[in-house]
Amino acid sequence: MRILIINGPNLNVLGTREVDVYGTATYAELETYLHTEARKLDVALVVRQTNYEGAVLDLLHHAAAEGFDGVVLNAAAYSHYSYAIRDGVKAVALPVVNVHLTDPCDRSEPFRKTDVLKSVCVATIKGKGFAGYVDAMRLLMKDVKR
Ligand code: DQA
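In case it helps, our numbering puts the sequence shown at residues 95 to 240.
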């Protein structure tokens, strides 16, 4: 099974950004962890990160043609307001799992309570840190594996 993980804006600065919220583990550590866990699950994994909305769309649009069976998407702040990414998720014929490291609903800023991607994704996993991505991969395996 081939899975694409797309990480959105500001996730590249994990480890130094808001460490009280996200902790000190770096983005490089997240990538290493994801590849280690994917190997255990026998998943062929590609992990991409971008700070640009259109680049998220390009990755989504090409995922099926590139042979991926499913997508794990942490669209970061775009999750709260990007109808373009919402439409992009609907436009692809692949299951997409929405992941957040934190639980945005537990955070103080009201804008985080809205997640425009939730209803177009097959599931939303939040507040589980790095492990949430592994749960998402397992979910896709159940969903897709024949
Ligand atoms: C996030 C939560 C979002 O609210 C925030 O904008 C992010 C990261 C998370 O993984 O917890 O950048 O998606």
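Glycine included, each C-beta is placed from N, C-alpha and C at the ideal position.
Problem set entry | In chain order, each alpha helix (DSSP H) run of at least 4 residues that lies wholly inside the stretch 114 to 161 | For the stretch 114 to 161, whole alpha helix (DSSP H) runs of length 4 or above, ordered along the chain, are 121 to 135, 147 to 157.
Exercise. Which word fits residue 205, buried or exposed, when buried means at least 16 other C-beta atoms lie within 10 angstroms of its C-beta?
Worked result: Position 111 of the sequence shown, counting from 1, holds the residue named residue 205. It is exposed - the Cβ of residue 205 has fewer than 16 other Cβ atoms within 10 Å.
Problem set entry | Close-in-space but distant-in-sequence residues of the same chain around residue 240 (CB under 8 angstroms, 5 per side omitted) | Translated into the one-based positions of the sequence shown, residue 240 becomes position 146. Any answer about residue 240 is weak, because its pLDDT of 42 lies below 50 and its placement is not dependable; what the coordinates show is given next. None.
Exercise. Buried or exposed: residue 137, going by 16 or more other Cβ atoms within 10 Å of its Cβ?
Worked result: Within the sequence shown, numbered from 1, the residue matching residue 137 stands at position 43. So residue 137 counts as buried.
For this session: Could you check how far apart the C-beta atoms of residue 173 and residue 209 are, in whole angstroms? I think they sit under 8 angstroms.
Result: Walking along the sequence shown from the start, residue 173 turns up at place 79. Walking along the sequence shown from the start, residue 209 turns up at place 115. With 8 angstroms as the limit, residue 173 and residue 209 qualify as a contact, their Cβ atoms being about 5 angstroms apart.
Exercise. Does the Cβ-Cβ distance between residue 97 and residue 182 come in under 8 angstroms?
Worked result: In the sequence shown, residue 97 corresponds to position 3, counting from 1. In the sequence shown, residue 182 corresponds to position 88, counting from 1. Residue 182 sits away from residue 97, with the two beta carbons spaced by 8 angstroms or more.
Exercise. Going by C-alpha distance, which of 198, 130, 212, 142 is nearest residue 225?
Worked result: Taking the sequence shown and counting its residues from 1, the one referred to as residue 225 is at position 131. Residue 225 has its Cα closest to that of 130, out of 198, 130, 212, 142.
Exercise. Do residue 204 and the ligand DQA come close, with the Cβ less than 7 angstroms from some heavy atom?
Worked result: As a position in the sequence shown, residue 204 is number 110, starting the count at 1. Because no heavy atom of the ligand DQA lies under 7 angstroms away, the Cβ of residue 204 does not count as near it: no.
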